[in-house]
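**Student:**
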Amino acid sequence: MTREEALELVNLHLKNKNLVKHVLAVEAIMRALARHFHEDEHAWSLCGLLHDLDYEQTKDKPDQHTLITEKILIEKGIEPPIIHAIKCHNHHAEPQSLMDQAIYAADPISGFIVAAALMHPEKKLAPLDIEFIKRRFGEKRFAAGASREQMASCETFGMTLDEFIDISLRAMQAEHQALGL
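For the sequence shown, the working numbering gives the first residue as 16, with consecutive numbering after it.
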């Protein structure tokens, strides 16, 4: 599947603009992580872009989240490792690969970084740095829905939290126009 075909699927299934921006952010983070680990950037990017494809259909049934996506992606011929990783981000599969672990950590950090940008006086990604993000990390009430434990799971794939924040932030800063930040 090409990125353009994946974007068509996203636009077909996701109508909430903020959710679309979220999957674009996770796509950018996953691509940057793949580059860092010398993995398949296209596969990892697709994983990030498609990971919440069924979110609007399953928001009231979280136990079904990713299962509808799985069916859609099987029909589209998406490779099983991508589907498996997508299911891992919602605990519907056990992580077995680096991509599985990465999507689990990348999902919440994207929202955390967006929240940090929105609280910054400039309301942009550009002025953010690791120190600014890390200060927010210690504030339990800040972006309370973004699991610190899930973000810190980056250590399971050999990356410090600082490295993970840096790569994620730079990836999102590079896509600031698409993210509207």
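By construction, the Cβ of each residue, glycine as well, lies at the ideal position given by its N, Cα and C atoms.
Predicted model only: the values in this text are computed from it and were never measured.
Can you tell me whether Gly153 is buried or exposed, with buried defined as 16 or more other CB within 10 angstroms of its CB?
**Tutor:** Exposed, since its Cβ has fewer than 16 Cβ neighbours within 10 Å.
**Student:** Cα-Cα, which of Phe179, Gly173 and Leu22 is closest to Val35?
**Tutor:** Residue Leu22 is the option with its Cα nearest to Val35.
**Student:** Taking the CB atoms as reference points, tell me whether Ala47 and Arg163 lie closer together than 8 Å.
**Tutor:** Not a contact, by the Cβ cut-off of 8 Å.
**Student:** Tell me the rounded alpha-carbon separation between Ile180 and Met16.
**Tutor:** If you take the alpha carbons of Ile180 and Met16, they lie about 29 Å apart.
**Student:** Taking DSSP as the reference, what is the three-state secondary structure of His191?
**Tutor:** DSSP places His191 in helix when its eight states are reduced to three.
**Student:** Around the C-beta of Lys32, are 16 or more other C-beta atoms found within 10 angstroms, so that it is buried, or is it exposed?
**Tutor:** With fewer than 16 other Cβ atoms within 10 Å, it is exposed.
**Student:** So, at 7 Å on beta carbons, what are the nonlocal neighbours of Lys102 in its own chain, with the 5 sequence-adjacent residues on each side left out?
**Tutor:** Around Lys102: Thr81, Glu85 and Ala108.
**Student:** Residues in the same chain with beta-carbon distance under 8 Å from Glu170, minus the five sequence neighbours each way, listed in chain order, please.
**Tutor:** Taken in chain order, the residues that qualify are Leu176.
**Student:** Can the beta-carbon of His104 be found less than 8 Å from the beta-carbon of Asp78?
**Tutor:** Not in contact: His104 and Asp78 (Cβ atoms no closer than 8 Å).
**Student:** With a Cβ-Cβ cutoff of 8 Å, do Ala130 and Lys138 count as a contact?
**Tutor:** Not closer than 8 Å, so no.
**Student:** Looking at the secondary structure, which residues open and close the alpha helix (DSSP H) in which Cys62 lies?
**Tutor:** Counting along the chain, the alpha helix (DSSP H) containing Cys62 begins and ends at Glu56 to Leu65.
**Student:** My output table needs one value for Ser125: the three-state DSSP class, helix, strand or coil.
**Tutor:** The answer is helix: DSSP assigns Ser125 an H, G or I state.
**Student:** Could you tell me the alpha carbon to alpha carbon distance between Arg150 and Glu94, rounded to whole angstroms?
**Tutor:** Between Arg150 and Glu94, the C-alpha separation is close to 39 Å.
**Student:** When burial is assigned at 16 or more other CB atoms within 10 Å of the CB, is Gly160 buried or exposed?
**Tutor:** With fewer than 16 Cβ atoms within 10 Å of its Cβ, Gly160 is classed as exposed.
**Student:** Tell whether a beta-carbon distance below 8 Å holds between Ser168 and Tyr119.
**Tutor:** Closer than 8 Å, so yes.
**Student:** Assign Ile97 to one of two classes, buried (16 or more other C-beta atoms within 10 Å of its C-beta) or exposed (fewer than that).
**Tutor:** Its Cβ being crowded by 16 or more others within 10 Å, Ile97 is buried.
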